[in-house]
Amino acid sequence: MATKFSKETYLYWYELMQLIRQFELMAEEKYKMEGKIRGFFHAYVGQEAIAAGCMTATRAEDLFITAYRDHGLALAKGISADSCMAELYGKATGCAKGKGGSMHFFGKKENFYGGHGIVGAQIGTGTGLAFAEKYRGTDNVVLCYFGDGAARQGILHESFNLAMLWKLPVIYICENNNYAMGTSVERTSNVTDIYKLADAYEMPADMFDGMSAETVHEGISRAVKRAREGGGPTLIEIKTYRYKGHSISDPQKYRTKEEVEEYRSKDPIAQVMHTILENKFATEEDLKVIDERIDAVVNNSVKFAEESPWPDDSEVLKDIYVDQNYPFIVD
Amino acid sequence: MARTIAFREALREAMSEEMRRDERVFLMGEEVAEYNGAYKVSQGMLAEFGPKRVIDTPIAELGFTAVGVGAAQNGLRPVVEFMTWNFAVLALDQILNTASKMLAMSGGQISCPIVFRGGNGSAGQLGAQHSTAFEALYANIPGIKVVSPSNPYDAKGLLKQAIRYEEDPVMFMESEQMYGDKMEVPEEEYYIELGKADVKRAGTDVTIVSFNKMMKVALGAAAELEKEGVSAEVIDLRSIRPLDWQTILESVKKTNRLVIVEEQWPFASVSSEIAYRIQKEGFDYLDAPIRRITAADAPLHYAPNLVAAALPNVERTVKIVKEVMYTKK
Chain P
-4 MATKFSKETY
6 LYWYELMQLI
16 RQFELMAEEK
26 YKMEGKIRGF
36 FHAYVGQEAI
46 AAGCMTATRA
56 EDLFITAYRD
66 HGLALAKGIS
76 ADSCMAELYG
86 KATGCAKGKG
96 GSMHFFGKKE
106 NFYGGHGIVG
116 AQIGTGTGLA
126 FAEKYRGTDN
136 VVLCYFGDGA
146 ARQGILHESF
156 NLAMLWKLPV
166 IYICENNNYA
176 MGTSVERTSN
186 VTDIYKLADA
196 YEMPADMFDG
206 MSAETVHEGI
216 SRAVKRAREG
226 GGPTLIEIKT
236 YRYKGHSISD
246 PQKYRTKEEV
256 EEYRSKDPIA
266 QVMHTILENK
276 FATEEDLKVI
286 DERIDAVVNN
296 SVKFAEESPW
306 PDDSEVLKDI
316 YVDQNYPFIV
326 D
Chain E
-6 MARTIAFREA
4 LREAMSEEMR
14 RDERVFLMGE
24 EVAEYNGAYK
34 VSQGMLAEFG
44 PKRVIDTPIA
54 ELGFTAVGVG
64 AAQNGLRPVV
74 EFMTWNFAVL
84 ALDQILNTAS
94 KMLAMSGGQI
104 SCPIVFRGGN
114 GSAGQLGAQH
124 STAFEALYAN
134 IPGIKVVSPS
144 NPYDAKGLLK
154 QAIRYEEDPV
164 MFMESEQMYG
174 DKMEVPEEEY
184 YIELGKADVK
194 RAGTDVTIVS
204 FNKMMKVALG
214 AAAELEKEGV
224 SAEVIDLRSI
234 RPLDWQTILE
244 SVKKTNRLVI
254 VEEQWPFASV
264 SSEIAYRIQK
274 EGFDYLDAPI
284 RRITAADAPL
294 HYAPNLVAAA
304 LPNVERTVKI
314 VKEVMYTKK
């Protein structure tokens, strides 16, 4: 049976999703077992197909901006595992010099604009990133991610209105993992189909399964094409599921083990692996080689983070202003 | 060649000159384009620059502030007008949590060169929700700068500086009651560096510090005091953050007395910060407690007598100065 995408695409997806998953599992271990990582920590495990499909549906020049569950998308955009792990450790070699932490990864040269901690705020800021692209006359697009919780914030509505009014090249991607922290979608609004929020602004909308990289790629591609051609924004609701709690400290009493297991049976990595083996794009041995490569990358990132220096104390008053002569108040 | 222009024209010239110079600069806000500005600051700018660069927004302060912040992070240099800073409270999340913090959170990667400007403080009997002065609130925030000019000349030079040279977010506080103020302003372009106070009147007996429209009270009080033989030095801060406390200290070393006039609420206000700094750096030079005249510790009411009673004025300022002079009644 012919596959929808090339062998290279499936192998790229497999490798990227394994990188994200193994990175997250390792980071969680370093957090829980060794206390090397602190602060709020939100894992992307289970949502990897979204990162994979979005990457093959876009170009390097396209901008990504997301909320605090940001490790997966940062790795996808090409920020190295070394600098991501170092950021989790709070080291000077991190992708934000140890000043951001888990929730605030940034990579300007990778066109990754963070890593935002105020629920929904990045919907507005991302709309502004798209405004600048249109103003300059590029055909770059902005992928602006948020969760189902953020869909209830006022900024979403103001942004949707402005983006449609000015036909901005932004794709709003709601990663609906069913729970705003511990509150299910049903308990947050009368409107449980989040994609329908676009209707009030006559914004094109779409909704699809986020456990399949193929489906994500196809759906995102449609929206990207529209945005590149000047057709303006799209709201996409992607049904996904986080295997882990909201954050590392979440006891998850609001959902059953069976529910989690049901989603694990649709695992995005297993799906791609199945396609690869079924179509003989690679053997199990070949995949094992990839897995080992990923293990090495992740293990090296831990070594890199552990051996990296802390930021110098003088960094407290650095990167506050671009103005290098700013007279800080020091008592 | 100098000519006399109004405060609003000075602001318009600043924006227009910088927009002619740099394609990345644009103006966005409520009623700035087709209506020609709620206070006519942007009059004629739509005609010159077109709708791509002079942009009317819906009444959605949080939304259009966010668009400005994102655009600034992505290479543009927006000027965002608030009809009044009172409405900007709706946008505070984007200013405080995004614009002011992103350079730090990104380890220096994502800067935000943006100017927010608009009327600030009271402007007659507008009621409590249109009358708050916000300099102290914004000056509390690291990562941004706060400018509050008192006259057309300073306003033009400071706004041009903010738009062209400042790579950090600038809050630019104007006053509805000053837009019509006229003054001689040079035809030639000029810039005024942020963070430099201006000694508006030299004196030897007492230092009076103020900013924005309260400079009129400070200068009015100095004129009254002169009649009674008291020589007041009057300093216009112009920038609140950074604060040029060295200029105040130099003056206090000479006068040994300091009175601050401002329209902020008293708690943790600009005068609080100045008083702390001057007692720390200039304790031995002070011959009297530092005193201040602020707005009343209350929302501003509507009735004209209550407005007058709540705001600083010349009479109260003269009285406080006499107290620090230990002048006999």
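Taken in order, these protein sequences are the chains called P and E. Under our numbering, the residue at position 65 of the first sequence is numbered 60, and the numbers go up by one with no gaps. Under our numbering, the residue at position 241 of the second sequence is numbered 234, and the numbers go up by one with no gaps. Glycine included, each C-beta is placed from N, C-alpha and C at the ideal position.
What residue range does the beta strand (DSSP E) around residue 270 (chain E) cover?
The residue given as residue 270 (chain E) occupies position 277 in the second sequence. Taken as a continuous stretch (DSSP letters only), residue 270 (chain E) belongs to no beta strand (DSSP E), being part of the alpha helix (DSSP H) at 263 to 275.
By the 10 Å Cβ neighbour count, where 16 or more other Cβ atoms means buried, how is residue 169 (chain E) classified, buried or exposed?
Mapped onto the second sequence, residue 169 (chain E) falls at position 176. Taking all protein chains in view, the Cβ of residue 169 (chain E) is crowded by 16 or more other Cβ atoms within 10 Å, so the residue is classified as buried.
Where does residue 6 (chain P) fall in DSSP's three states?
On the first sequence, position 11 is the one that residue 6 (chain P) refers to. Helix.
How close, in whole Å, do the beta carbons of residue 71 (chain E) and residue 61 (chain E) come, if the pair is a contact with beta carbons under 8 Å?
If you number the second sequence from 1, residue 71 (chain E) lands on position 78. If you number the second sequence from 1, residue 61 (chain E) lands on position 68. With a Cβ gap of about 4 Å, residue 71 (chain E) and residue 61 (chain E) count as contacting.
Chain-ordered neighbours of residue 103 (chain E) on chain P, where CB pairs are closer than 8 Å
By 1-based counting over the second sequence, the position of residue 103 (chain E) is 110. What residue 103 (chain E) touches in chain P: 101, 103, 108 and 109.
Using the beta-carbon of each residue, which ones in chain E are nearer than 7 Å to residue 229 (chain P)?
Walking along the first sequence from the start, residue 229 (chain P) turns up at place 234. Within chain E, no residue comes near residue 229 (chain P); the closest Cβ sits about 18 Å away, beyond 7 Å.
So, residue 166 (chain P) versus residue 215 (chain P), is the Cβ gap smaller than 8 Å?
In the first sequence, counting from the first residue as 1, residue 166 (chain P) sits at position 171. In the first sequence, counting from the first residue as 1, residue 215 (chain P) sits at position 220. Annotated as proximal: residue 166 (chain P) and residue 215 (chain P), with beta-carbon spacing under 8 Å.
Hey, quick one: how far does the alpha helix (DSSP H) through residue 237 (chain P) stretch, first residue to last?
The residue labelled residue 237 (chain P) in the question sits at position 242 within the first sequence. Unbroken run through residue 237 (chain P): none, as it is neither H nor E.
Presumed contact (8 Å Cβ cut-off) between residue 207 (chain P) and residue 46 (chain P), rounded CB distance
Residue 207 (chain P) sits at position 212 when you count from the first residue of the first sequence. Residue 46 (chain P) sits at position 51 when you count from the first residue of the first sequence. Contact doesn't hold; Cβ gap of about 13 Å is too wide.
For chain E, is any of its Cβ atoms less than 8 Å away from the one on residue 70 (chain P)?
As a working note, residue 70 (chain P) is residue 75 in the first sequence. Output row for residue 70 (chain P): interface = no.
Using a Cβ-Cβ distance cut-off of 8 Å, determine whether residue 67 (chain E) contacts chain P.
Here residue 67 (chain E) corresponds to residue number 74 of the second sequence, with the count starting at 1. A Cβ of chain P is located within less than 8 Å of the beta carbon of residue 67 (chain E).
Residues sharing a beta bridge with residue 142 (chain P), DSSP
Your numbering for residue 142 (chain P) matches position 147 in the first sequence. Answer is P:170, bridged to residue 142 (chain P).
With a cut-off of 8 Å on the beta carbons, I'd call residue 317 (chain E) and residue 201 (chain E) a contact; round off their distance for me.
Within the second sequence, the letter at position 324 stands for residue 317 (chain E). Within the second sequence, the letter at position 208 stands for residue 201 (chain E). So it is not a contact: roughly 10 Å between Cβ atoms.
Measuring CA to CA, which of P:55, P:2, P:76 and P:37 is closest to residue 294 (chain P)?
Residue mapping note: residue 294 (chain P) aligns to position 299 of the first sequence, counting from 1. Comparing Cα positions, the closest option is P:76.
Residue 124 (chain E) to residue 303 (chain P), Cα distance in whole Å?
Indexing the second sequence from 1 puts residue 124 (chain E) at position 131. Indexing the first sequence from 1 puts residue 303 (chain P) at position 308. Cα to Cα, the separation comes out at about 52 Å.
Using the C-alpha atoms, what's the distance from residue 179 (chain P) back to residue 300 (chain E)?
Mapped onto the second sequence, residue 300 (chain E) falls at position 307. Mapped onto the first sequence, residue 179 (chain P) falls at position 184. The C-alpha of residue 300 (chain E) lies about 50 Å from the C-alpha of residue 179 (chain P).
Does the stretch 13 to 30 of chain E come within contact of the stretch 45 to 54 of chain E, defined as at least 3 CB pairs closer than 8 Å?
yes
Closest residue to residue 176 (chain P) among P:141, P:199, P:193 and P:210 (Cα-Cα distance)
For the purposes of this step, residue 176 (chain P) is taken as the residue at position 181 of the first sequence. Comparing Cα-Cα distances from residue 176 (chain P) to each of P:141, P:199, P:193 and P:210, the minimum goes to P:141.
Checking the sheet assignment: what are the DSSP bridge partners for residue 111 (chain E)?
Here residue 111 (chain E) refers to the residue found at position 118 of the second sequence. Answer is E:75 and E:166.
According to DSSP, is residue 225 (chain E) part of a helix, a strand, or is it coil?
Within the second sequence, residue 225 (chain E) is the residue found at index 232, counting from 1. If DSSP states are grouped into helix, strand and coil, residue 225 (chain E) belongs with the strands.
Mark residue 122 (chain P) as exposed unless 16 or more other C-beta atoms lie within 10 angstroms of its C-beta, in which case mark it buried.
The residue labelled residue 122 (chain P) in the question sits at position 127 within the first sequence. When all chains shown are included, residue 122 (chain P) counts as buried.
Looking at chain E, which residues of the stretch 117 to 134 of chain P have a Cβ within less than 9 Å of any of its Cβ atoms?
117, 118, 119, 120, 121, 122, 123, 124, 125, 126, 127, 128, 130 and 131
Contact the stretch 142 to 160 of chain E vs the stretch 115 to 123 of chain E: 3+ CB pairs below 8 Å
no
Would residue 91 (chain P) count as contacting chain E if we go by Cβ distances under 8 Å?
By 1-based counting over the first sequence, the position of residue 91 (chain P) is 96. True, the Cβ-Cβ gap to chain E drops below 8 Å.
Alpha-carbon to alpha-carbon, residue 91 (chain E) and residue 187 (chain E):
If you number the second sequence from 1, residue 187 (chain E) lands on position 194. If you number the second sequence from 1, residue 91 (chain E) lands on position 98. Cα-Cα distance, rounded: 22 Å.
Can you check the stretch 155 to 223 of chain E for any beta strand (DSSP E) of at least 3 residues that lies completely inside it and give the ranges in chain order?
Qualifying beta strand (DSSP E) stretches, in chain order: 163 to 167, 175 to 179, 191 to 194 and 199 to 203.
For residue 157 (chain P), decide whether its Cβ has a neighbour in chain E, counting only Cβ atoms nearer than 8 Å.
Indexing the first sequence from 1 puts residue 157 (chain P) at position 162. So, interface residue.
Could you tell me the distance, in whole angstroms, from the CA atom of residue 125 (chain P) to the CA atom of residue 164 (chain P)?
The residue given as residue 125 (chain P) occupies position 130 in the first sequence. The residue given as residue 164 (chain P) occupies position 169 in the first sequence. Whole-angstrom Cα-Cα distance: 6 Å.
By the 10 Å Cβ neighbour count, where 16 or more other Cβ atoms means buried, how is residue 101 (chain P) classified, buried or exposed?
For the purposes of this step, residue 101 (chain P) is taken as residue 106 along the first sequence, with counting starting at 1. Result: buried.
Beta carbons nearer than 9 Å to chain E: which residues of the stretch 263 to 276 of chain P have them?
none
Applying a beta-carbon distance threshold of less than 8 Å, which residues of chain P neighbour residue 10 (chain E)?
Your numbering for residue 10 (chain E) matches position 17 in the second sequence. In chain order: nothing, as chain P lies at least about 20 Å away.
Any beta carbon of chain P sitting closer than 8 Å to that of residue 57 (chain E)?
If you number the second sequence from 1, residue 57 (chain E) lands on position 64. By this cut-off, residue 57 (chain E) is an interface position.
Taking residue 201 (chain P) and residue 229 (chain P) to be in contact with their CB atoms under 8 Å, please state how far apart those CB atoms are, rounded to whole angstroms.
Within the first sequence, the letter at position 206 stands for residue 201 (chain P). Within the first sequence, the letter at position 234 stands for residue 229 (chain P). Confirmed, about 6 Å.
Which full runs of the alpha helix (DSSP H) of 4+ residues lie inside the stretch 30 to 109 of chain P, going along the chain?
As far as the stretch 30 to 109 of chain P is concerned, its whole alpha helix (DSSP H) runs of at least 4 residues are 43 to 51, 66 to 71 and 76 to 84.
Using the rule of at least 16 other Cβ atoms within 10 Å of the residue's Cβ for burial, across every protein chain shown, is residue 374 (chain E) buried or exposed?
The displayed coordinates of chain E run from -6 to 322. Any statement about residue 374 (chain E) would go beyond what the structure contains.
Less than 6 Å between C-beta atoms, sequence neighbours within five positions excluded: which residues of the same chain meet that for residue 254 (chain E)?
In the second sequence, counting from the first residue as 1, residue 254 (chain E) sits at position 261. 203, 207, 210, 211, 286, 305 and 310.
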